[in-house]
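Okay, structure first, notes after.
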Amino acid sequence: MKLAVSNIAWPPAERLRIYRLLAAHGIRGLEIAPGLFLPGSARPFAPSEAELAAALAETQAAGLELVSMQSLLFGVEGAALFGEAGERARFREGLRAAITLAGRLGIPNLVFGSPRQRVIPADMDPAEAEAVALATFGELGEAAREAGTRLGIEFNPAAYGTNFLTTLEEADAFVTRLGHPAVTLILDLGAMHMNGAFAGIAGAVAAVRAPISHVHVSEPDLAPAPASAGAAATALAALARKGYAGWHSIEMKPPPDPGPAVLEAAIGRLLRAAGMAEGKAGAA
1 MKLAVSNIAW PPAERLRIYR LLAAHGIRGL EIAPGLFLPG SARPFAPSEA
51 ELAAALAETQ AAGLELVSMQ SLLFGVEGAA LFGEAGERAR FREGLRAAIT
101 LAGRLGIPNL VFGSPRQRVI PADMDPAEAE AVALATFGEL GEAAREAGTR
151 LGIEFNPAAY GTNFLTTLEE ADAFVTRLGH PAVTLILDLG AMHMNGAFAG
201 IAGAVAAVRA PISHVHVSEP DLAPAPASAG AAATALAALA RKGYAGWHSI
251 EMKPPPDPGP AVLEAAIGRL LRAAGMAEGK AGAA
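Right, dumping it as structure tokens:
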């Protein structure tokens with residue numbers, strides 16, 4: 001099973017220590033937020049070749065592979081999927097910059113979350129909102145295809161401040177309706193918990209029609225994840241039965257001191273969950 005951790009789980013100053021920790025536990029995947037991966041760059045979404053080479057040398061020394069990118073609109077002001085013309089343009093430009101960076105780094109997956117940049121205004125007709133979203137992600141999907149990557153749509157619970165694609169079923173239906181080969185679905189376990197849907201995750205995963213390109217092993221409000229190896233194993237086993245062979249990435253906020261110990265414990269639970277899931281999937 002392919003296991004990863006997102007770099008939002010530690011401050012950039014701790015990265016080399018954490019890279020060694022990941023390597024020591026056999027974790028080979030690294031998901032990045034560009035602003036944290038390239039903390040010294042004035043333009044983390046358009047870094048110089050020297051800046052990229054220095055950052056990649058650090059990850060390669062630890063045997064880490066860059067597998068996904070998140071926080072795609074970090075630092076982009078005034079971007080809104082359903083906003084005025086200028087806001088929509090900044091939305092597209094911001095995501096195109098992220099797609100270009102993923103292409104330069106050979107990252108196969110991007111996670112589009114950005115809940116506050118995808119709020120449907122109260123006065124916008126739902127049919128108009130759907131048309132805007134389909135056209136926008138059709139265009140961005142083509143940019144992703146040309147860059148050799150995929151743009152994954154993550155459902156974000158309403159509690160995170162959005163009203164567009166807040167459930168797995170809604171995101172699945174949208175991606176299926178769009179039907180672009182480079183626009184995929186992100187499964188976020190924390191969002192399933194927040195939506196009160198985790199108990200039915202096995203059936204929900206089995207019912208998904210869109211291709212899943214990445215999985216976030218997370219908890220509500222990005223608490224240390226997974227909280228329970230057993231619960232995570234249920235989700236991982238369902239994904240294995242579905243035929244999912246991609247990366248399962250811990251997504252959590254930096255914990256208070258002692259941070260590395262908290263992260264190490266979370267990694268231990270994920271490793272146990274992976275082992276349990278392989279047994280459950282094989283027995284099914």
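Under full-length UniProt numbering, read the sequence shown as residues 1 to 284, first letter to last. Backbone N, C-alpha and C fix where the C-beta goes; we use that ideal spot for every residue, glycine too.
| request: May I ask you to list the residues that DSSP assigns as paired with tryptophan 247? | output: Your numbering for residue 247 matches position 247 in the sequence shown. Note: tryptophan 247 sits in a beta bridge opposite Lys2.
| said: Just to confirm the assignment: which complete beta strand (DSSP E) runs, minimum length 3, are found wholly within the segment 141–224? | reply: Counting only runs of at least 3 residues, the segment 141–224 fully encloses the following beta strand (DSSP E) elements, listed from N- to C-terminal order: 150–154, 183–188, 212–217.
| task | Could you name the residues of the same chain whose beta carbon sits closer than 7 Å to that of aspartate 172, not counting the 5 residues immediately before and after it, in chain order? | result | As a working mapping, residue 172 is identified with position 172 in the sequence shown. Cβ neighbours of aspartate 172 beyond the five flanking positions: Leu185, Val208, Arg209, Ala210.
| query | So, do the segment 261–281 and the segment 210–227 have three or more beta carbon pairs nearer to each other than 8 Å? | reply | Touching, yes.
| request: Between the Cα of glycine 113 and those of Ala122, Ala33, Met1, Arg15, spot the shortest distance and give me the residue it belongs to. | output: Here residue 113 is taken as the residue at index 113 of the sequence shown, counted from 1. When only C-alpha atoms are compared, the closest one is Ala33.
| query | Does the segment 11–21 touch the segment 49–62, meaning 3 or more C-beta pairs lie closer than 8 Å? | reply | When Cβ pairs closer than 8 Å are counted between the two stretches, the segment 49–62 is seen to touch the segment 11–21, the count reaching three or more.
| query | Measuring CA to CA, which of Ser48, Leu66, Asp257, Pro126 is closest to glycine 246? | reply | Within the sequence shown, residue 246 is the residue found at index 246, counting from 1. For glycine 246, the nearest C-alpha among the options comes from Leu66.
| said: Less than 8 Å between C-beta atoms, sequence neighbours within five positions excluded: which residues of the same chain meet that for arginine 92? | reply: Counting from 1 along the sequence shown, the entry for residue 92 is found at position 92. Counting only Cβ-Cβ distances below 8 Å, and skipping sequence neighbours, we find Thr136, Glu139, Leu140.
| query | For valine 111, does the three-state DSSP call read helix, strand or coil? | reply | Within the sequence shown, the letter at position 111 stands for residue 111. Of the three classes helix, strand and coil, the one that applies to valine 111 here is strand, per DSSP.
| query | Exposed or buried, which one is glycine 230 when buried takes at least 16 other CB atoms within 10 Å? | reply | Sequence index remark: in the sequence shown, residue 230 carries index 230 (1-based). Exposed: under 16 other Cβ atoms inside 10 Å.
| Straight-line gap, arginine 241 to valine 215 (C-alpha atoms, nearest Å) | Residue numbering aside, residue 241 sits at position 241 when the sequence shown is read from its first letter. Residue numbering aside, residue 215 sits at position 215 when the sequence shown is read from its first letter. Going by the C-alpha atoms only, they are around 15 Å apart.
| Where does isoleucine 267 sit, in a helix, a strand or coil, going by DSSP? | By one-based count along the sequence shown, residue 267 stands at place 267. Isoleucine 267 falls in the helix class under three-state DSSP.
| Can you tell me where the beta strand (DSSP E) with residue 288 in it begins and where it stops? | Within the shown structure, residues of the chain are numbered from 1 to 284, placing residue 288 beyond reach of any answer.
| Do you know how far the Cα of proline 260 is from the Cα of threonine 234? | Residue 234 sits at position 234 when you count from the first residue of the sequence shown. Residue 260 sits at position 260 when you count from the first residue of the sequence shown. About 26 Å.
| What's the gap between the Cα of leucine 187 and the Cα of glycine 243? | Within the sequence shown, numbered from 1, the residue matching residue 187 stands at position 187. Within the sequence shown, numbered from 1, the residue matching residue 243 stands at position 243. Going by the C-alpha atoms only, they are around 14 Å apart.
| query | Is methionine 192 buried or exposed, if buried means 16 or more other CB atoms sit within 10 Å of its CB? | reply | Here residue 192 is taken as the residue at index 192 of the sequence shown, counted from 1. Buried, by the Cβ-count rule.
| Straight-line gap, threonine 176 to aspartate 257 (C-alpha atoms, nearest Å) | As a working note, residue 176 is residue 176 in the sequence shown. As a working note, residue 257 is residue 257 in the sequence shown. Cα to Cα, the separation comes out at about 43 Å.
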